[in-house]
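Asks:
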Amino acid sequence: MRPDAPPAPVDHHCDVLVVGGGINGVGIARDLAGRGWSVVLCEQDDLASHTSSASTKLIHGGLRYLEHREFGLVRKALQEREVLLRSAPHVMWPLRFVLPHDASMRPAWMIRLGLWLYDHLARREFLPGSHAVSLRDSPYGEPLKPGWTQGFVYSDGWVDDARLVALCALDAAERGAQVLTRTRADSIRPDGGCWRIDLSRRDAATGQETRRVAVRARAVVNAAGPWAEHLLREVMAVPPTPAAKASRTHGAPSGALRLVKGSHIVVPKLFTHDHAYIFQGQDRRIIFAIPYERDFTLIGTTDVEFRGDPAHVAIDEDETAYLCRELGRYLRRAIAPSDVVWSYAGVRPLLEDAHGSASAVTRDYLLQAQSRPAPWLTVWGGKLTTFRLLSEQAADQIGELLGESRRPWTDSAPLPGGDLSDVLDELRDPATDIAAFQVQLRQRHPWMDLGLAKRWSRAYGSRALRLLDGITSRADLGAEVAPDLYEAELFYLKRQEWALTADDVLWRRTKLGMHCTPAQRQAVADWFAAQAQVGAQAFHHSAMTRQAAD
């Protein structure tokens with residue numbers, strides 16, 4: 003461009019552009035929007051398409067990190083645990099874990115000490131503490147081999163990870179953020195003290211580019227997860243920090259992101275009680291076995307170095323065999339790769355200097371913020387449990403860069419559907435409150451069967467009442483496209499939660515894909531294809547979102 007040439011036109015202006023629709027990206031967009039900044043978030047695929055839907059689905063302090071002496075990380079996560087559980091009792095709830103004692107690994111006194119620390123590093127208001135348990139005469143010992151006679155029980159939390167991401171995005175949008183899925187940041191370049199961002203919108207079904215959008219932002223947040231380094235170096239053209247100056251204390255990572263693949267398998271239900279198990283493998287890695295989707299058990303995770311494309315990651319045969327083999331040390335019922343009904347894998351972007359075992363890499367995070375060539379912030383590392391705190395700290399730093407510090411607000415704010423106070427006379431604790439809400443939901447809509455009432459109350463919380471507005475019978479839900487999945491819910495997810503394909507609904511907004519046959523999953527895909535034909539691909543959140551969807 004010639005020096006005297008007019009600047010290229012820009013379609014939209016905002017305070018902050020956030021790149022990445024995983025948990026950290028949507029969390030930061032939500033926090034910033036709630037503080038009054040104008041925010042645009044772009045995600046190249048669907049929300050939670052990658053790492054944020056491939057977790058072990060736990061809200062936890064990380065008991066095993068105590069062994070690595072990461073007391074600060076564990077305390078930080080434990081402090082967040084009950085904050086999160088209160089904010090969204092429909093998608094997060096308490097879960098008790100059984101830890102069989104392996105005397106060959108650690109003496110019992112060491113386990114008791116670790117659990118005592120776990121109980122006391124942060125205040126607990128409603129989660130019960132740990133205790134020893136005899137597995138000989140306990141239902142928690144029934145699935146185990148006879149040699150496992152002693153154990154411990156402690157508390158943590160469960161989360162529907164992909165729904166948590168969707169709820170944060172929904173809250174951000176309702177506070178004014180523009181949320182653009184299937185939208186890639188192709189170029190981010192400094193422009194007169196700000197950033198010019200060229201975005202490309204892609205069709206959800208074909209992947210073909212449908213529109214280009216130019217945005218001018220005062221600051222950019224790089225929350226691209228496994229792609230964070232690529233985005234910073236290639237798309238933003240920010241050079242690496244010189245090694246002599248690189249350190250966590252100076253706000254720069256000491257090395258490149260270390261990508262570690264974590265894989266999980268799902269098998270038919272292995273036990274009937276509602277506790278989860280935490281097993282220690284012979285290699286001292288932790289493996290969880292968790293009740294999952296009513297009829298299944300979720301098993302994971304692995305820790306494998308990964309050097310491929312994070313967009314194309316899958317479990318391999320060795321990982322599956324490893325998980326089956328390690329569970330075989332504990333369970334009476336052996337499991338084999340042929341028992342696996344579903345598996346998934348994700349790439350964790352971990353903060354490390356590329357030394358040591360993958361399982362020992364820290365799950366802590368670092369926020370790297372700079373004012374030149376224009377304000378930007380990159381998120382390195384992190385874990386699901388600390389996303390809210392990370393987002394709050396990122397928003398604080400963005401405010402400093404923009405010279406407009408604004409007060410944090412998310413520590414006591416419920417996520418969409420999490421406020422049950424308008425329905426319940428008295429709030430007690432998350433598990434009790436959501437059970438009471440399910441009762442209220444069926445009383446208001448007696449035509450709903452128990453299964454649908456439970457699923458909708460868990461998925462949408464108090465927002466289920468909006469979904470049910472004007473619906474007085476099952477017939478009002480429209481066609482049952484797949485078992486327990488009606489058109490009313492599909493339209494809601496499409497218009498409110500950016501669901502544009504069958505996978506968005508069956509594997510991220512819900513996990514109904516676990517319960518459907520291939521033909522039933524195809525019926526959902528056909529429904530979306532039919533909607534696209536009649537031009538129903540539109541959102542209502544904002545004019546910009548509608549325009550980008552055209």
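Following our numbering, the numbering of the sequence shown begins with 3 at its first residue and continues without gaps. From the three backbone atoms N, C-alpha and C, an ideal C-beta is built for every residue, glycine too. Computed from a prediction, not measured in an experiment: that's the story for all the values here.
1. Going by CA-CA distance only, name the one from Gly480, Val268, Arg331 that's closest to Val343.
2. Roughly how far, in whole angstroms, is the beta-carbon of Leu329 from the beta-carbon of Ile301, given that I think they are within contact range, below 8 Å?
3. Val262 and Val42 look like a contact to me (Cβ under 8 Å); what is the Cβ gap, rounded to whole Å?
4. Quick check on the burial criterion: 16 or more other C-beta atoms within 10 angstroms. Buried or exposed for Met1?
5. Can you give, in chain order, each stretch of the beta strand (DSSP E) that sits fully within the segment 180-251 and has at least 3 residues?
6. Going by beta-carbon coordinates alone, are Pro96 and Leu87 separated by less than 8 Å?
7. Which stretch, first to last residue, makes up the beta strand (DSSP E) that contains Ser345?
8. How big is the Cα-Cα spacing for Asp366 and Val507?
9. Across the segment 29-36 and the segment 483-498, are there enough close Cβ pairs to call them in contact, namely three or more that are closer than 8 Å?
10. At which residue ranges does the segment 283-332 contain complete alpha helix (DSSP H) runs of 4 or more residues, listed in the order of the chain?
11. Just verifying my parser: in three-state terms, what is the DSSP assignment at Leu508?
12. Thinking Ala221 and Asp17 are a contact (beta carbons under 8 Å), I'd like their distance in whole angstroms, please.
13. Looking at Leu352: is its Cβ nearer than 8 Å to the Cβ of Arg260?
14. Judging by CA-CA distance, which residue of Arg286, Leu19, Asp471 is the nearest neighbour of Asp104?
15. What are the boundary residues of the alpha helix (DSSP H) that includes Phe439?
16. Whose CA, out of Leu369, Thr503, Ser340, Trp229, lies closest to the CA of Thr208?
17. Quick one: using the 10 Å Cβ neighbour count with 16 as the cut-off for buried, is His14 buried or exposed?
18. What are the boundary residues of the beta strand (DSSP E) that includes Asp17?
19. For a test of the three-state rule: what should DSSP assign to Ala164, helix, strand or coil?
20. Along the chain, where does the beta strand (DSSP E) containing His266 start, and where does it finish?
21. Under three-state DSSP, which class holds Phe128?
22. Buried or exposed for Glu45, please, with buried defined as at least 16 other CB atoms from any protein chain shown within 10 angstroms of its CB.
23. Tell me whether Cys44 sits in a helix, a strand or coil according to DSSP, three-state version.
24. In angstroms, rounded to a whole number, what distance separates the CA positions of Thr299 and Glu144?
25. Note the first and the last residue of the continuous beta strand (DSSP E) segment covering His1.
26. How big is the Cα-Cα spacing for Ala532 and Glu69?
27. Just to confirm the assignment, what range does the beta strand (DSSP E) spanning Tyr462 have?
28. Give the DSSP bridge partners of Leu470, in chain order.
29. Let me check one thing: in DSSP terms, what residues is Glu482 bridge-paired to?
30. Assign Met516 to one of three DSSP states: helix, strand, or coil.
31. Spatial neighbours of Ala527 within its chain, please: C-beta separation below 8 Å, excluding the five flanking residues on both sides.
32. Let me confirm a value: Phe99 is counted as buried when at least 16 other C-beta atoms fall within 10 Å, else exposed. Which label applies?
33. Are there 16 or more other CB atoms within 10 angstroms of the CB of Lys496, so buried, or fewer, so exposed?
34. Work out the CA separation of Leu182 and Leu201 for me, nearest whole Å.
35. Would you decide whether Ser423 is buried or exposed? Buried here means 16 or more other CB atoms lie within 10 Å of its CB.
36. Do you know whose CA, among His133, Cys170, Asp158, lies nearest Gly22's CA?
Replies: Quick answer:
1. Locating residue 343 in the sequence shown gives position 341, counting from the first residue. Among Gly480, Val268, Arg331, the Cα nearest to that of Val343 belongs to Val268.
2. Start at 1 with the first residue of the sequence shown, and residue 329 comes out as number 327. Start at 1 with the first residue of the sequence shown, and residue 301 comes out as number 299. Right, their Cβ atoms sit about 6 Å apart.
3. Locating residue 262 in the sequence shown gives position 260, counting from the first residue. Locating residue 42 in the sequence shown gives position 40, counting from the first residue. Contact flag wrong, Cβ pair sits at about 30 Å.
4. Nothing can be reported for residue 1, as the shown portion of the chain is limited to 3 through 552.
5. 180-182, 185-193, 196-204, 211-224
6. Along the sequence shown, read from residue 1 onward, the residue named residue 96 stands at position 94. Along the sequence shown, read from residue 1 onward, the residue named residue 87 stands at position 85. Yes. Within cutoff.
7. Reading the sequence shown from its first residue, position 343 is the one you call residue 345. 344-352 is the span of the beta strand (DSSP E), which, as asked, contains Ser345.
8. As a working mapping, residue 366 is identified with position 364 in the sequence shown. As a working mapping, residue 507 is identified with position 505 in the sequence shown. The alpha-carbon atoms of Asp366 and Val507 are separated by roughly 31 Å.
9. no
10. 319-330
11. Here residue 508 refers to the residue found at position 506 when the sequence shown is read from its first residue. Residue state, collapsed to three classes: helix.
12. Here residue 221 is taken as the residue at index 219 of the sequence shown, counted from 1. Here residue 17 is taken as the residue at index 15 of the sequence shown, counted from 1. Contact holds; Cβ gap of about 7 Å.
13. Locating residue 352 in the sequence shown gives position 350, counting from the first residue. Locating residue 260 in the sequence shown gives position 258, counting from the first residue. Taking 8 Å as the Cβ cut-off, Leu352 and Arg260 qualify as a contacting pair.
14. In the sequence shown, the residue the question calls residue 104 occupies position 102. The shortest Cα separation from Asp104 among Arg286, Leu19, Asp471 belongs to Arg286.
15. For the purposes of this step, residue 439 is identified with residue 437 of the sequence shown, where counting begins at 1. Where Phe439 is concerned, the enclosing alpha helix (DSSP H) stretches over 432-446.
16. In the sequence shown, residue 208 corresponds to position 206, counting from 1. The candidate whose alpha carbon is nearest that of Thr208 is Thr503.
17. Against the sequence shown, residue 14 aligns to sequence position 12. So His14 ends up on the buried side.
18. Position 15 of the sequence shown, counted from the first residue, corresponds to residue 17. Its beta strand (DSSP E) spans residues 14-21.
19. Residue mapping note: residue 164 aligns to position 162 of the sequence shown, counting from 1. Three-state result, Ala164: helix.
20. Residue numbering aside, residue 266 sits at position 264 when the sequence shown is read from its first letter. Unbroken beta strand (DSSP E) run through His266: 260-270.
21. Position 126 of the sequence shown, counted from the first residue, corresponds to residue 128. Coil.
22. Counted from its first residue, the sequence shown places residue 45 at position 43. Burial call: buried.
23. Residue 44 sits at position 42 when you count from the first residue of the sequence shown. Strand at Cys44.
24. Against the sequence shown, residue 299 aligns to sequence position 297. Against the sequence shown, residue 144 aligns to sequence position 142. Straight-line Cα distance between these residues: approximately 16 Å.
25. Residue 1 lies beyond the range of the chain shown here (3 to 552); nothing can be said about it.
26. Residue mapping note: residue 532 aligns to position 530 of the sequence shown, counting from 1. Residue mapping note: residue 69 aligns to position 67 of the sequence shown, counting from 1. Roughly 54 Å separates the two Cα atoms.
27. Here residue 462 corresponds to residue number 460 of the sequence shown, with the count starting at 1. Counting along the chain, Tyr462 falls outside any beta strand (DSSP E), though it belongs to the alpha helix (DSSP H) covering 452-462.
28. On the sequence shown, residue 470 is found 468 positions in, with the first residue counted as 1. According to DSSP, which records beta bridges pairwise, Leu470 is partnered with nothing at all.
29. Here residue 482 is taken as the residue at index 480 of the sequence shown, counted from 1. According to DSSP, Glu482 bridges with Tyr488.
30. Residue numbering aside, residue 516 sits at position 514 when the sequence shown is read from its first letter. Of the three classes helix, strand and coil, the one that applies to Met516 here is helix, per DSSP.
31. Here residue 527 is taken as the residue at index 525 of the sequence shown, counted from 1. Here the set comprises Thr503, Ala504.
32. As a first step, residue 99 is located in the sequence shown; it is residue number 97 there, counting from the start. By the neighbour-count rule (16 or more Cβ atoms within 10 Å), Phe99 is buried.
33. Stepping through the sequence shown from its first residue, residue 496 is reached at position 494. Per the 10 Å Cβ criterion, buried.
34. Looking up residue 201 in the sequence shown gives position 199. Looking up residue 182 in the sequence shown gives position 180. Each residue's Cα considered, the two are about 10 Å apart.
35. Here residue 423 refers to the residue found at position 421 of the sequence shown. Label assigned to Ser423: exposed.
36. On the sequence shown, position 20 is the one that residue 22 refers to. Of the candidates His133, Cys170, Asp158, the one whose C-alpha sits nearest the C-alpha of Gly22 is Cys170.
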